[in-house]
Amino acid sequence: MTTTSAPRIPTGNRDDEIQIYDLHKSFGQLEVLKGITTTIHRGEVVCVIGPSGSGKSTLLRCVNLLEQPTSGRIFIINEEITDPDADIDRLRTKMGMVFQSFNLFPHLTALQNCTTALTNVLKKPKADAEKIAMANLTKVGLGERGGSYPGQMSGGQQQRVAIARALSMDPELMLFDEPTSALDPELVGDVLAVMRDLAAEGMTMMVVTHEMAFAREVADRVIFMDGGVIVEEGHPKDVIGNPQHPRTREFLRRVLDPTHVHAGDEDAAYAERHQSDLKVDKTGGGHLPPGVGFHSPSLG
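Counting from 4, one number per residue, gives the positions in the sequence shown under this note's numbering.
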């Protein structure tokens, strides 16, 4: 009789850039992540999709420890970032992070936003930092806007500055948390074009997104999350084009054909999915810690 040995944790494979094992995260009584296990490989573009409150953004924020997991283990290029003795700041330099709200310093120019971490964290000389920053601003199509302040730029331009800032740290992988959700529809294309270019260059990318066309065209793998678990994952042509799980099919129907969705359906569906995690009072309100609501962006 043959036996199958358990996989080594971490795998030891340099190409397994993000390894996540049995990840749990709770906010008070609400368990947002319920045992996530997955691996992101070098050069792979993985899009994480799912309804609001499914745990997508929380998963991404746990990867670089912006959120502290309740339990589970995360390895970044075979180093455990969840180890209490981990050099978190050093491991974070391997990961570029782009947020939905840009998070630029309003009092700094685009160039200065891109050089601050280079000079303060990596201790690069100012001239070297500016050269790197200008190269990345040019890469995202903003080489002539280095002297502009965020308030002088459109939302799409600000997001591209945020991407340039992340790239300036020369990361080995990029994390995107709904990078287009705060943009006017007409500005989304330029940001997605930059991301497509990064994917074509072989950048490892983990992208939380509602952009189904981008996921279908660019992703190597799509993860569909709901209720804090991975419901279905695979190639876009399978998960988006021919989903097997009923919940995946329901979600895609709502996203791709929203004209047939009744008002309030998503709120009702969310409450039903999480009814085992919340003690709901007679007014329908959940007993959550301050600042954590049904539609808190941190739960996405």
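Where is the CB? At the ideal position from N, CA and C, for every residue including glycine.
Note that the structure is predicted; figures quoted are calculated from it, not measured.
**Prompt:** From what residue to what residue does the beta strand (DSSP E) around E235 run?
**Reply:** 232-237
**Item:** Residue nearest to N81 in terms of C-alpha spacing, selected from T42, A196, P153, L201
**Value:** T42
**Request:** With DSSP as the reference, please indicate the residues paired to G15 in a beta bridge.
**Result:** In the DSSP output, where bridge partners are listed per residue, G15 has none listed.
**Request:** Determine the burial state of E147: buried for a count of at least 16 other Cβ atoms within 10 Å of its Cβ, exposed for fewer.
**Result:** exposed
**Limits of the unbroken beta strand (DSSP E) element including R76** = Per DSSP, the unbroken beta strand (DSSP E) holding R76 starts and ends at 74-79.
**Asked** Which one of D187, E189, F179 has the shortest CA to CA distance from R199?
**Response** The option with the nearest alpha carbon to R199 is F179.
**Message:** Using the three-state DSSP reduction, which class does V242 fall into: helix, strand or coil?
**Reply:** helix
**Request:** Assuming A136 and T118 form a contact by the criterion Cβ under 8 Å, report the distance between their Cβ atoms to the nearest whole angstrom.
**Result:** 5 Å
**Request:** Give the secondary structure of F108 by DSSP, where H, G and I count as helix, E and B as strand, and everything else as coil.
**Result:** coil
**Request:** State the CB to CB distance for the pair F108 and Q161, rounded to an integer number of angstroms; the pair is presumed to be in contact (CB under 8 Å).
**Result:** Between Q161 and F108 the Cβ distance is about 11 Å, and since that is not below 8 Å, they are no contact.
**Request:** Going by DSSP, name the residue or residues bridged to L176.
**Result:** M98, T207
**Request:** Label E34 either buried or exposed according to how many other C-beta atoms from any shown protein chain fall within 10 Å of its C-beta, with 16 as the threshold for buried.
**Result:** With 16 or more other Cβ atoms within 10 Å, it is buried.
**Request:** With distances taken Cα to Cα, identify the nearest neighbour of L201 among K142, R250, E20.
**Result:** K142
**Expected contact under 8 Å - CB spacing of A222 and V101 to nearest Å** = No, A222 and V101 are not in contact; Cβ-Cβ is about 16 Å, not under 8 Å.
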